[in-house]
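Below: the structure, in structure tokens.
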Amino acid sequence: PTLSPGWERVFKSFIKIQKHQRLSESELNRALDRFEQAARALPDAVILLNNSRQIEWCNTKAEEYFQLTLNRDQGVQIDYLLRQPSFRAFMRSPDAEASLNLRLPRTGVDRLVSIQIIPFGDAQALLLARDITEREQLEVTRRDFVANISHELRTPLTVIQGFLETFEDNPADNPELLSRGVKLMSDQSHRMNRLITDL
Numbered sequence: 002p003t004l005s006p007g008w009e010r011v012f013k014s015f016i017k018i019q020k021h022q023r024l025s026e027s028e029l030n031r032a033l034d035r036f037e038q039a040a041r042a043l044p045d046a047v048i049l050l051n052n053s054r055q056i057e058w059c060n061t062k063a064e065e066y067f068q069l070t071l072n073r074d075q076g077v078q079i080d081y082l083l084r085q086p087s088f089r090a091f092m093r094s095p096d097a098e099a100s101l102n103l104r105l106p107r108t109g110v111d112r113l114v115s116i117q118i119i120p121f122g123d124a125q126a127l128l129l130a131r132d133i134t135e136r137e138q139l140e141v142t143r144r145d146f147v148a149n150i151s152h153e154l155r156t157p158l159t160v161i162q163g164f165l166e167t168f169e170d171n172p173a174d175n176p177e178l179l180s181r182g183v184k185l186m187s188d189q190s191h192r193m194n195r196l197i198t199d200l
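In this note's numbering, the protein residues as written are 2 to 200.
In structure tokens, the structure reads:
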């Protein structure tokens, strides 16, 4: 059937609007895909929680850190999967500025993560987790190093200080003691110098 010019304009406008809407939906879907790809590529774990603290979405790092599978765990409450008392207490009082360091025993790897809960929208939240295992190991190494080096430096300093006090109390009364003391102080100062050079 032939359309009257008025109806033809209406249908053309309708088709144009429909085409524009399909393009807008397509652009929106592409933007959502790009966002999801970017979120999956993040180096930190990201879990989107609904207002009941159920998992709506998570990225690859979250699956790795928390042993999640989105298809299996979508809709599961996060504190069902992370049952540590400290985590449950943290979830009851989320503060965007606060963080919780939590050891994850389920991963098969001794992993320590720093967790932050960021509220948004209508009582929803983002759970962000960063692996700080290496940072903790470096801190332990640093503490051990400081303890060892302070011990290594304290011994030669004690020897030097002891002889200096002896010489101060008995100036040049015993040339043999003086010679032995100077040699030991020299040895210990060389030892400290080697330690400092090795650092």
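Where is the CB? At the ideal position from N, CA and C, for every residue including glycine.
- A contact between stretches requires three or more CB pairs, one per stretch, nearer than 8 angstroms, and the segment 122-130 meets this requirement with the segment 43-52.
- In this structure, serine 115 sits near isoleucine 133, with a CB-CB distance shorter than 8 angstroms.
- When secondary structure is reduced to three states using DSSP, proline 120 falls in the strand class.
- In the pairwise beta carbon analysis, the segment 14-21 is classified as not touching the segment 32-45: fewer than three pairs are separated by under 8 angstroms.
- Taking C-beta atoms as the reference points, aspartate 45 and alanine 130 count as a pair closer than 8 angstroms.
- Cβ atoms of leucine 83 and aspartate 74 stay farther apart than 8 angstroms, at about 11 angstroms.
- When DSSP reads this structure, valine 114 sits in a beta bridge with Leu103 and Asp132.
- Alanine 126 has Leu50 and Pro120 as its beta-bridge partners, per DSSP.
- For glutamate 65, the enclosing alpha helix (DSSP H) stretches over residues 61-67.
- The criterion of a C-beta distance shorter than 8 angstroms is satisfied by proline 157 and arginine 192.
- The alpha carbon of tyrosine 66 has as its nearest neighbour, out of Glu177, Phe91, Asp145 and Val110, the alpha carbon of Val110.
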